[in-house]
Amino acid sequence: MEKSLVGSQKRKSLLSPTAAKRAGRARMVQKDAQPTGPKANARLLEAAIGLCCRKGVAATSVDEIIEESGVARMTLYNRYGSKDALIHAALAHEASVWRAWFFTRLAETSGSPRERLLALFDIMDEWFRRDDYLGCALMNAAMESRNTDEKLAEIIRAHKSHVLEQLRALVHAAGADDVELLTQQLDLLMDGAIVKAAIKKIPAPALEARKIAEKLLS
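Note that my numbering has the sequence shown beginning at 9, numbered continuously upward.
The following block contains the structure:
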């Protein structure tokens, strides 16, 4: 699994910000001297993804990122050159951290390949129950941009490729007749549950999707 640039595998969030923790961290940042190097980069990524998930990409300003991260404006521009480049880096990073968290949790589950496929939705239920769950950061950004951001599209394709690779391996181990079809169906169930849980602000879609998955696997 990918290593987190911010040490974020210790946090659980992902693809949805740990809003309360990030807000508290931002307040503490203001008391520190302006960070540099990897620490500054970590704070920039954290601030950018947190703000974008809470407010949206377009509504997030450089001034807000600077204020929340406590990093010098020049550091942001020297490292990334623009707000857009920082946002893209933050989204790619958050996707990597989410995959590490999600599939590590899955690896910790026991049982047959079929049982582990169903456990996908138990882990999603855990994610949806977090107080700071706001949906998938990549999906949110894609809908906001109406698919006009090619760099974001590249990040999403790379993320989805990693996810499908993991699903495909599990589906194959479960002995499915049509591995690719079932992989795509499970991926669709996961995406649908993520969106519905964010819209309705309830965790129920995870277990609703699990029931559909049980029928597909039977």
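For each residue, glycine too, the CB sits at the ideal point set by N, CA and C. Computed from a predicted model, the values in this text were never measured in an experiment.
Residue i, enclosing alpha helix (DSSP H) - first and last residue
i, result
"Tyr-85", "81 to 88"
"Pro-121", "121 to 136"
Proximity to residue i [Cα-Cα], best of the options
i, options, result
"Lys-204", "Tyr-141, Val-187, Ile-163 and Ala-150", "Tyr-141"
"Arg-122", "Ala-50, Leu-190 and Ala-214", "Leu-190"
"Ala-201", "Ala-115, Leu-59, Gly-143 and His-170", "Gly-143"
"Glu-1", "Gln-193, Ala-100 and Thr-83", "Given a span of 9 to 226 for the chain in the structure shown, any question on residue 1 remains unanswerable."
"Glu-76", "Ala-48, Ala-149 and Tyr-88", "Ala-48"
"Asp-199", "His-180, His-167, Lys-223 and Lys-91", "His-167"
"Ala-184", "Glu-222, Phe-111 and Ala-80", "Glu-222"
"Thr-112", "Gln-174, Glu-216, Ser-120 and Lys-159", "Gln-174"
Residue i (DSSP reduced to helix, strand or coil)
i, result
"Ile-210", "coil"
"Ser-69", "coil"
"Thr-117", "coil"
"Gly-58", "helix"
"Gly-78", "coil"
"Gly-45", "helix"
"Ser-104", "helix"
Distance between residue j and residue i (C-alpha atoms, nearest Å)
i, j, result
"Asp-186", "Arg-176", "10 Å"
"His-170", "Trp-106", "11 Å"
"Ile-164", "Ser-226", "31 Å"
"Asn-148", "Ala-206", "10 Å"
"Met-36", "Leu-94", "For Met-36, the predicted model reports a pLDDT of 47, less than 50, meaning its position is unreliable; a value from the coordinates is still stated below. Taking the straight line from one Cα to the other gives about 22 Å."
"Glu-188", "Glu-134", "27 Å"
"Gln-193", "Leu-172", "11 Å"
"Ile-73", "Ala-66", "12 Å"
"Phe-110", "Ile-131", "7 Å"
"Ala-98", "Lys-91", "10 Å"
"Glu-216", "Ala-108", "24 Å"
"Glu-152", "Ala-182", "37 Å"
"Asp-195", "Ala-214", "13 Å"
> Where are the alpha helix (DSSP H) runs, 4 residues long or more, that stay fully inside the region 140 to 201, in chain order?
Replying inline: List check, alpha helix (DSSP H) in window: 145 to 153 and 158 to 181.
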